[in-house]
Each structure stands twice: as C-alpha cells, then as structure tokens.
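If you read the sequence shown in this note's numbering, its first letter stands for residue 18, the second for the next number, and so on.
Ideal Cβ placement from N, Cα and C applies to all residues, glycine included.
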Amino acid sequence: MDGGSDAVASQRFNRIGGLAHSATFPKACGLLAALACLTGCGLAAPQKGSPLSDTAAVADFESRVDQTDVQRTHVFFPASPDGAPAPAQVRGGFVFVQGGAVGTSQYAWLAQALAERGFVVAVPEHDFDLAIVSIDRASEALRLLRQGVRGSALDGLLLNRRVALGGHSLGGVVAGKAQTLTPADALVFLASYADGADLPALTARPVPSLVLAGADDCRAARATVEQAAAQLPSPAVLSVLTGVTHMQFTASDAADLKANCIPEVDLDTAHQRIALSVQRFLEAVLVRKDGSQAAVLRGVPGSEVSGR
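Spelled out as structure tokens, the structure:
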C-alpha cells in the first residue's frame, strides 16, 4: 500500500533471544539480576510530557515485548501548558499504527490534533518502520494505555475510558490483525482495510469501525477499499473524502506529487478533514456510544458517507 511495502509478506516473524548458560554462582547471580531487570527496570515512564501546545503534550514510554525487546511508544495526551497531564479533559484513547516504511513522526500532526480534542493517542515504534513484522507492538500499546504505568503521566489517565485501534495503509491491516489478538473497543482504517484472513475473527467479535478513504488515492484504490469495507461486520462506516490522496494522511504528500498523483485539495485542508472525521467517529463510539457515527461524519466537508 505505501512506501513499497505491498510486497511485504503478512506473516509475523518471531525474534528469539538467548542467554548463555553458566553453572558458576557469580554468573548465575548476574543472570538472575539481568532477568529481573527485564521485568521493567530502567524503562522510560515520564510523569510529564513535552508541551506541543497549551492543551497537548507528548512523552515517550518504554515497555518490554517478548520479554527482551524494548518497545518505545510515543504518547500524545491532553495536558496543561507545562506538559502535565490533564485527566479532566480525557475522553478516550487511540492506538495508531504507522504505515509501511513511513516514520511515526509523519503522523504526529494527527496525534496532536486528537490529543487537543481530548484523546490519548499511542503511536508505537516498529523495527524498520514495518509494523507487519511485529504485530504484538500494537497490542502492547493498547495494554499500556489501558493499564498505564504507576507514578507516570499515564497513571489513571484512561481510567474507565474506552480505547480504539487503527492505522494508516499497511498499519490499518496490522491494526485489524492486532484486534484479533487484543480487542479494542473500535477500529479505524485510514486509506486501508482489513486482511480478508482476519474477517472471520473480526466478525465473531464485532466492534464499531470506520474506513476513511481518499477519493484520489492512487495506492489504495477506492473500489478496493469500498469492497473491503463492505465485508466488515456492522456497525461499520465508510467515509470517502473528496480530492484526498494516500499520502495526505501523513505529514507530507510529496511522494504522491512525485508519482504524479495530484490531490484536488491542499494538505492543510486534507488534514483538517481527516482529523475531524476521526475525532467525530471516536466521540460517537467511545464517548457517547449512541450509534451516531455515520450521521456526524456526514457533516465533515467533502465527505461521502455510507453506514450499516
């Protein structure tokens, strides 16, 4: 779908780490100390974030995956001007998975926009910027938001709040796969769709979903996205934004322009409509839970919405 990642096989590669064995007491003690440290010592869990605006901040958290790997997750959250979390402003959470071969910084604009509107957004890092090889990182980010870290900015921040899971392009495919492992309360596919192999599991445990597409997307063709969206279990909403291209879901549409995929709307307008669409969907399914997602999305300028 993006960054040349279509050719990446959608299988998970397991990394296996080993520790040398020693029968000597000193080395055994060192090994035990190392194993104890793997449970979490020295992992980043800040109490405050770096201010992005008067109402949002970002902080990097670290956690263990597969017992040995350190996962870094960028967490954007409602905050006071000094970067301290603002629990009273929190409305829900959102784990966002990057597109294939697209750096997480390319989605900071969306994460900040949602944080300024009351959502805690976790964006996990992946080796080589390919989420498809480590699907469990989305699950770990979901756990991080739900459980928090004692004494950190996330401590109790999402208490009794619902959390959605989503991603852009290949990241949306990964989000669908992660949903079959660690279910979130809603799904968001940006210029993306679920892998057909995951549909039985998604149908067995349905949650509200949004497929947000660009009408001028030259990578994830509209017809393909629409067909895939129709296979999602209800309640599902498809919203197609007029004039928006694939890479306008990121911080720059330069790659689309270079490929002669010309958008009909400028990047700022695309960002405003994308952020507003995601915001309204999250408000409907995580906060109000009133089934109004299709109706409120129809109010986004330049959108063509169908729901079931």
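Cβ-Cβ separation between Arg-134 and Gln-310: approximately 16 angstroms, too far for a contact (criterion under 8 angstroms). Excluding residues up to 5 positions away in sequence, Ala-195, Leu-198, Thr-199 lie with their Cβ nearer than 8 angstroms to the Cβ of Ser-156 in the same chain. Minimum Cα-Cα distance from His-288 among the listed residues Asp-99, Gly-173, Gly-231 corresponds to Gly-231.
In this structure, Glu-300 and Val-257 do not form a Cβ contact; the two beta carbons are roughly 20 angstroms apart against a cut-off of 8 angstroms. In this structure, the beta-carbon distance from Cys-235 to Thr-262 falls below 8 angstroms. Here the C-alpha atom of Glu-79 lies approximately 7 angstroms from the C-alpha atom of Ala-62. No Cβ-Cβ contact shorter than 8 angstroms links Ala-192 with Lys-65. Residue pairing from DSSP leaves Ala-130 without any beta-bridge partner.
For Leu-314, there is no enclosing beta strand (DSSP E); the enclosing alpha helix (DSSP H) covers residues 310-314. Note that the stretch 218-226 does not touch the stretch 119-126; fewer than 3 beta-carbon pairs, one per stretch, sit closer than 8 angstroms. Inclusion of Ser-226 and Ala-203 in the CB contact set at 8 angstroms is warranted, their separation being smaller than that value.
Within a 10 Å sphere around the beta-carbon of Ile-279 sit fewer than 16 other beta-carbons, which makes this residue exposed. Positions of the alpha helix (DSSP H) runs, each at least 4 residues long and wholly inside the stretch 268-324, are given as 271-275, 284-299, 310-314 in order along the chain. Residue state for Glu-142 is assigned as coil, using DSSP reduced to three classes. Judged by DSSP secondary structure, Ala-230 falls within the beta strand (DSSP E) whose first and last residues are 226-231. Per DSSP, the unbroken alpha helix (DSSP H) holding Arg-163 starts and ends at 153-164. In terms of Cα proximity to Arg-179, the closest of Gly-110, Val-242, Glu-142 is Gly-110.
Sequence-distant partners of Ala-103 (beyond 5 residues in either direction) whose C-beta falls short of 7 angstroms from its own C-beta, in its chain, are Pro-95, Ala-96, Ser-97.
The C-alpha of Ala-312 lies about 37 angstroms from the C-alpha of Asp-99. When the Cα atoms are used, Gln-106 and Asn-277 turn out to be separated by approximately 42 angstroms. Exclusion of the five residues before and after Ser-251 leaves Pro-223, Arg-325 as the residues of its chain whose Cβ lies within less than 8 angstroms of its Cβ.
Shown here, Gly-117 sits in coil according to DSSP, grouped into three states, outside any helix or strand. When DSSP reads this structure, Thr-90 sits in a beta bridge with Phe-78, Pro-141. Cβ contact annotation for Phe-136 (same chain, cutoff 7 angstroms, sequence separation greater than five): Arg-108, Gly-109, Gly-110, Phe-111, Leu-299, in chain order.
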